[in-house]
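Residue numbers (my numbering): 2 to 791.
Backbone N, C-alpha and C define an ideal beta-carbon position, used for all residues, glycine too.
Have a look at the structure below before the remarks.
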Amino acid sequence: MFLSMNWIGDFVDLSGLDKKALIRNFTLSTAEVEDIIEKGADTHGVVAAKIISVENHPDSRKLHLLKVDKGDEVVDIVCGAPNVREGMLVALATNGGAVSGHEIKPAKIAGYTSYGMCCSEAELGISDDNSGIWELDDDIPLGTDLKTVYGIDDIIFEVDNKSLTNRPDLWSHYGMAREFATLTGRELKAPATLDVSEYDALPAVSVDVKATDLVYRYSAIKVENITRRVSPVDMRIRLYYCGSRAINFLADLTNYVMMELGQPMHAFDNAKVDKIEVQTFPEGLNFVTLDGVERKIDENMLMITSGDVPVAIAGVMGGDASKIEDGTTSLLLESATFDGVSVRKTTTRLGLRTDASQRYEKMLDPELCRLATERLLKLLSDCDAGARVISSFTDAYVRKYPTITLNFDKRYVDRYTGIEISNETIVKTLTALGFGVSLSGDDFTVTVPSWRATKDVTIKADIIEEITRIYGYDNFDIFTSSSPLLPVRKETLKSDEDRMKDILVKSYRMHEVHSYIWSDVKKNDELGIKTPENVKVINAQTPDHAYLRVSMLPTLLAFVKENKSYADDFGIFEIGHTVEGLRANGDCNEQNKLGAVFFSKTSGEEALFLRARDAAAELCRDILHVSPEFVSAECDFDFEHPVNSFDIVIDGNKVGYLSVPHPVVLENIDKKCAVAFFEIFTERFAESKVAAIKYSEPSRFPAIDIDVTFEANVGEIVFPKIVALAKSAAGESLADVRVKDVYTAEDGSSSLTLRFSFVSRERTLTKQELMPVVESVTAALASAGLPVKA
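Spelled out as structure tokens, the structure:
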């Protein structure tokens, strides 16, 4: 959000102060300022001048030769603007001056010397209108520096909207002025208004609020005999500097009041809208908004109607059929407070966010409705003296926020702040911010102002924040806390996830990534993965992001494809959310999952598969103290290999799956590379029983390792079964079985080398006495389809 220091200066005198330093102080006390922009600083020497003659250039259809009177002399100007005419008062950049940083000096243009430049509004940086030179009001004396007439010089600062989410009062220049008045100790001036009670005797506007649960306040008033079409220059400049494009006088007027006071307003053409109803439509409808787009309105969206004819989406945007046009002379002015949650849901479903809806979402103060109306009427009367109010101020105040009163004592403030702030400072600070304060001894009774009571200040601790931020956090002494600092106790799921990250990063050199919760149809199609028609996002950013994901892996595989050229070997993982279908009650089943993918240009698929298996197994052993089973299973998803897919099982419960990509998916990534992956359901993982750790004294005697190579189809091997068979055949002397090597020949045949480790607690074993044991093991494995390689 962009804010003007000139505009803020209308309500608090900031003269004599370093405005940039004041803005930096604002960052420390109130909200983060992202940028400070000096408007007009690189433009000077621009004066009011009159064109006294116009001739067409003899050799150019577009150029004109002008004689321009700038008060002290008449100068020759070469100009290409299409709207030049004799007698026109223009903005002339004189020799030695500058326009947007470009120095003005005599220049030869198409054979003629130009001693200055007639400027458009866009060239001066006060609007985006570059259609012709700027035509000034006729009452400006020739030679007058335009910076003395208009607010061209200004300091604009940009505030991070996220830091204002809980402060609806700061979405306005008047609210900001209150902050600056408090920070500087200067007086806050109220905006000039017209008292609407003067019109109480006039006929009321017909207003019927039917959806009372979605409306706090709806007020309306009618005005006729409006003749002005173009907004005053200073109004247009301020709107442009703050990011709003000038449209027409009435539209600019409502935008101006919104930016000044924070209250969105809407002007209906009174010839098209005579009465107001605020309601929802259970059957829904189609509605064309001001931007010319036809939108589908559902039964939950609040609408403004004239009779049964919809004329606006409440709090969001008006309708095309009731908009203000060039010929509009009478209006029905709306000033309302709608339920912020309702407006937020509507904008999300429609994919339509406006300046008005952004403010309504923050829970506006209903008391603003009357003030904003009175302010707009004052501006209207100042700019268009013939305009006439023809109705009373009709006010349907349906719901009110309760008054919030908070009681605390001086000791409470001292305990929370850790310092002693005087009662006088506390009263002065809170009073300047608009709070009602009553002090009896050391006991405070504080009444929260309406503009802070909608959702911002609700408890005593909020008052402490107000006191300390204005006092200045930089004024607090820094010292070590005397309170004990105890580690935060984490829940099991969070603790497990943190441990998983540590293992994958430290032991397997993997990289953590982050992604969105929705599927990417386009990227899935590129991989050859079908996107399930899962839970659908009502307001997807693009059609490709319409469905929520059911697995982490398609996204991770897309990341692998995008990054394969940056490294020969790498692994990535993410712990995130997936959503699976809708339950009978309409709720989604959201799950936490860990997805991990290994990629290699140097290792074969078998070796990479085993690395992925080892990583999954280590997670189970390290956290649950058990070794999982990898059970051959049917694929859960189409991106898995139809044969080489395994469930990760602990105590008979599936906690994840391990696989390599489907051949089509692998080819779409890179058929010359290897990819393996697993996905663990972290919530099921956390629910698994942690096995007790059993400690035993290691043998004092050395182990004997014996390697045996088997003929095997590696993809069909269930390793836990091999270990169980081997240990059953060998007895207690077999301490461990692990894979030493996997080999695949050119003809597709493969072999598996296992290392058997034997040890005794009583003596040193020899290979000779172990050979009968090894033969028993190999015989058992051969009977299970794993013969020794000849």
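Check: If you draw a straight line from the C-alpha of Ala111 to the C-alpha of Val55, how long is it?; Outcome: 16 angstroms
Check: Just list the residues that DSSP pairs Arg739 with in beta bridges.; Outcome: Arg756
Check: Using CA coordinates, which residue listed in Ile427, Glu668, Ser628, Val644 is at the minimum distance from Asn654?; Outcome: Ser628
Check: Can you tell me the Cβ-Cβ gap for Val206 and Lys223, rounded? I've got them flagged as a contact below 8 angstroms.; Outcome: 6 angstroms
Check: Would you say the stretch 108-124 touches the stretch 81-97, given that touching needs at least three Cβ pairs under 8 angstroms?; Outcome: yes
Check: Which stretch, first to last residue, makes up the alpha helix (DSSP H) that contains Glu619?; Outcome: 606-625
Check: In the structure shown, what three-state DSSP assignment does Gln592 receive?; Outcome: strand
Check: Taking Pro450 as the reference, which of Phe678, Asp366, Ile427 has the closest Cα?; Outcome: Asp366
Check: Which full runs of the alpha helix (DSSP H) of 4+ residues lie inside the stretch 202-251, going along the chain?; Outcome: 234-242
Check: How is Ser601 classed by DSSP in three states: helix, strand or coil?; Outcome: strand
Check: I need the straight-line Cα distance from Arg86 to Thr348, nearest angstrom please.; Outcome: 47 angstroms
Check: Under a three-way DSSP split, which group does Trp172 fall into?; Outcome: coil
Check: Which of the three DSSP states is assigned to Arg296 in this structure?; Outcome: strand
Check: Span of the beta strand (DSSP E) holding Pro311?; Outcome: 310-314
Check: Apply the 10 Å Cβ neighbour rule to Asn408 and answer buried if 16 or more other Cβ atoms are within range, or exposed otherwise.; Outcome: exposed
Check: What is the residue span of the beta strand (DSSP E) that Tyr113 lies within?; Outcome: 113-115
Check: Asp385 and Thr228: beta carbons closer than 8 angstroms?; Outcome: yes
Check: Enumerate, from N- to C-terminal direction, the unbroken beta strand (DSSP E) stretches of 3 or more residues contained entirely within the stretch 89-172.; Outcome: 90-100, 108-110, 113-115, 155-160
Check: Restricting to Cα atoms, I'd like to know which of Ser439, Gly473, Glu368 is closest to Ile420.; Outcome: Gly473
Check: So, helix, strand or coil for Thr347, using DSSP?; Outcome: helix
Check: Per DSSP, which residues does Leu15 bridge with? Please list them.; Outcome: Bridge partners of Leu15: none, in fact.
Check: Which residues in the same chain as Ala608 place their Cβ atom closer than 7 angstroms to its Cβ, once the five residues preceding and following it in sequence are excluded?; Outcome: Val743
Check: Count the other CB atoms, across all protein chains shown, that sit within 10 Å of the CB of Lys695; report buried if there are 16 or more and exposed otherwise.; Outcome: exposed
Check: Going by Cα to Cα distance, which pick from Val79, Val580, Val447, Glu368 is closest to Ser61?; Outcome: Val79
Check: Helix or strand or just coil, what does DSSP make of His58?; Outcome: coil
Check: Unbroken alpha helix (DSSP H) runs of length 4 or more, entirely within the stretch 484-562: which are they?; Outcome: 493-509, 522-528
Check: Distance, Cα to Cα, Lys672 vs Arg739?; Outcome: 29 angstroms
Check: Sorted by chain position, which residues of the same chain lie with C-beta nearer than 7 angstroms to Ala388's C-beta, five sequence neighbours on each side aside?; Outcome: Val224, Asn226, Ile227, Leu381, Ser382
Check: State the Cα-Cα distance for the pair Val789 and Asp737, rounded to the nearest angstrom.; Outcome: 19 angstroms
Check: According to DSSP, simplified to helix, strand and coil, what is Thr31?; Outcome: coil
Check: Answer yes or no: do Gly316 and Tyr361 have a C-beta to C-beta separation smaller than 8 angstroms?; Outcome: yes
Check: Return helix, strand or coil for Lys68, following the three-state DSSP convention.; Outcome: strand
Check: In whole angstroms, give me the CA-to-CA distance for Val656 and Glu641.; Outcome: 17 angstroms
Check: Anyone know if the C-beta pair for Gln264 and Ser323 falls short of 8 angstroms?; Outcome: no
Check: How many angstroms separate the CA atom of Glu668 from the CA atom of His512?; Outcome: 23 angstroms
Check: May I ask you to verify whether the stretch 456-476 touches the stretch 498-514, counting CB pairs closer than 8 angstroms and requiring at least 3?; Outcome: no
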